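Per the working numbering, the sequence shown runs over residues 382 to 577. Single-structure report; data block below.
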Amino acid sequence: VFALLRVRLTDWSSLIVDVVAPDGRVVRAIHMSMRRPGSVSVITWDGLDAHGQVAPSGYYRLRISATNRAGRTWQTTRPLSIETSPPAFTAYGLAQTGTYNPYNNGLNGPEVMTATVSEPARVRIEAVHGARVMRTWLVTAHFPNQVLRVTWDGTAGATLPPGGLYIFRAVALDAAGNTTRTQVGWIVLDHRRIIV
């Protein structure tokens, strides 16, 4: 159950809030009895339609109607975006797999990770060594199937992290709070170099 909106009344009024689907159907009508002037009504919804089914993702309208004791009705609408399924990673990966040595950047270049998300979302990409997150990147997909790129030069800020196996994982979070996770790939970080 989540709060759809808050309504402050200026007269004794009853409220009806219709959740209207893109095709014009009312998928759920929420009724509130007579409320006093100055009161704030919080309209909540469980995301289910009139038959108890989860409303599918899409762009809906909220049609708000307040009727006072004299029978006069005031009406307005507000947009509502419903996202019931989490964003999906449609593509992801590393530019190079295997061993990465930051001292060979001239040959290998920094490691490039890409991730593509099915819908707008905030994405967190982490470089994990053992059970510890050594580096985090925060990026945003502003439109569906936008390719997100981050690069890693083998460092953790200003320090050089320990060598060994690194797992890269990504978490996408959409505006409705739905999350999805995936493993982007792995590399072995190798610090060995020859000093003459």
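The beta carbon of each residue, even a glycine, is placed where N, CA and C say it ideally should be. From a predicted model like this one, the values you see are computed outputs, not experimental measurements.
Original post:
Are the region 509 to 527 and the region 539 to 549 touching by the rule of at least three beta carbon pairs closer than 8 Å?
Top reply: yes
Subject >> Contact belief for T532 with P483 at Cβ below 8 Å, rounded distance in angstroms >> reply: Taking the first residue of the sequence shown as 1, we reach residue 532 at position 151. Taking the first residue of the sequence shown as 1, we reach residue 483 at position 102. Not really, about 12 Å apart at Cβ, beyond 8 Å.
**OP:** Assuming E500 contacts P468 (C-beta within less than 8 Å), just tell me the rounded distance between them.
**Re:** Stepping through the sequence shown from its first residue, residue 500 is reached at position 119. Stepping through the sequence shown from its first residue, residue 468 is reached at position 87. The beta-carbon separation of E500 and P468, rounded to 5 Å, stays under the 8 Å limit for a contact.
**OP:** Tell me D399's beta-bridge partners as DSSP assigns them.
**Re:** On the sequence shown, residue 399 is found 18 positions in, with the first residue counted as 1. A410 and R444.
Subject >> Alpha-carbon to alpha-carbon, G419 and E464 >> reply: What you label residue 464 is simply residue 83 of the sequence shown in a count that begins at 1. What you label residue 419 is simply residue 38 of the sequence shown in a count that begins at 1. Going by the C-alpha atoms only, they are around 33 Å apart.
Subject >> Exposure label - R516; buried when at least 16 CB within 10 Å >> reply: Here residue 516 is taken as the residue at index 135 of the sequence shown, counted from 1. It is buried - the Cβ of R516 has at least 16 other Cβ atoms within 10 Å.
Original post:
Are the beta-carbon atoms belonging to R505 and V565 less than 8 Å from one another?
Top reply: As a position in the sequence shown, residue 505 is number 124, starting the count at 1. As a position in the sequence shown, residue 565 is number 184, starting the count at 1. No, the pair does not count as a contact, with Cβ atoms beyond the cut-off.
Original post:
Considering only residues of the same chain and omitting the five flanking positions on each side of L386, which have a CB-CB separation below 6 Å?
Top reply: In the sequence shown, residue 386 corresponds to position 5, counting from 1. Residues of the same chain with a CB within less than 6 Å of the CB of L386, apart from the 5 flanking positions on each side, are I424 in chain order.
Original post:
Do the region 447 to 456 and the region 390 to 409 meet, that is, are 3 or more Cβ pairs less than 8 Å apart?
Top reply: Between the region 447 to 456 and the region 390 to 409 there are three or more inter-stretch CB-CB distances shorter than 8 Å, so the stretches are counted as touching.
**OP:** For my contact list, L554 and A522 are in at a C-beta cut-off of 8 Å; report their separation, rounded to the angstrom.
**Re:** By 1-based counting over the sequence shown, the position of residue 554 is 173. By 1-based counting over the sequence shown, the position of residue 522 is 141. About 11 Å; that fails the 8 Å criterion.
Subject >> As assigned by DSSP and simplified to three states, the class of P483 >> reply: Along the sequence shown, one-based indexing puts residue 483 at 102. P483 falls in the helix class under three-state DSSP.
Original post:
What is the rounded straight-line gap between the Cα of N526 and the Cα of L475?
Top reply: The residue you call residue 526 lines up with position 145 of the sequence shown. The residue you call residue 475 lines up with position 94 of the sequence shown. Cα to Cα, the separation comes out at about 17 Å.
Subject >> Those residues which DSSP pairs with V569 across a bridge >> reply: Residue 569 sits at position 188 when you count from the first residue of the sequence shown. T480 and L546.
Subject >> Separation of F470 from V421, as counted between CA atoms >> reply: Here residue 421 corresponds to residue number 40 of the sequence shown, with the count starting at 1. Here residue 470 corresponds to residue number 89 of the sequence shown, with the count starting at 1. If I take the Cα positions, the gap works out to 41 Å.
**OP:** Would you tell me roughly how many angstroms separate the C-alpha atoms of T590 and R409, rounded to the nearest one?
**Re:** Missing from the structure shown is residue 590; the chain here goes from 382 to 577 and no further.
Original post:
Which value, in whole angstroms, describes the spacing of the CA atoms of A402 and L529?
Top reply: For the purposes of this step, residue 402 is identified with residue 21 of the sequence shown, where counting begins at 1. For the purposes of this step, residue 529 is identified with residue 148 of the sequence shown, where counting begins at 1. Spanning the two alpha carbons is a distance of roughly 32 Å.
Original post:
How long is the line joining the alpha carbons of W518 and H572, rounded to whole angstroms?
Top reply: Residue numbering aside, residue 518 sits at position 137 when the sequence shown is read from its first letter. Residue numbering aside, residue 572 sits at position 191 when the sequence shown is read from its first letter. Cα to Cα, the separation comes out at about 22 Å.
Subject >> Integer-rounded CB distance, given that M413 should sit under 8 Å from L396 >> reply: Here residue 396 refers to the residue found at position 15 when the sequence shown is read from its first residue. Here residue 413 refers to the residue found at position 32 when the sequence shown is read from its first residue. That belief holds up - the Cβ atoms of L396 and M413 are roughly 4 Å apart, short of 8 Å.
Original post:
In the structure shown, what three-state DSSP assignment does T536 receive?
Top reply: One-based indexing of the sequence shown puts residue 536 at position 155. T536: coil per DSSP, three-state reduction.
Subject >> Helix, strand or coil at A451 according to DSSP, with G and I counted as helix >> reply: The sequence position of residue 451 within the sequence shown is 70, counting from 1. Here DSSP, grouped into helix, strand and coil, assigns A451 to coil.
Original post:
With a CB to CB cut of under 6 Å and the five nearest residues on each side skipped, what residues in its chain are close to V352?
Top reply: The requested residue 352 does not occur in the structure, where the chain is confined to residues 382 to 577.
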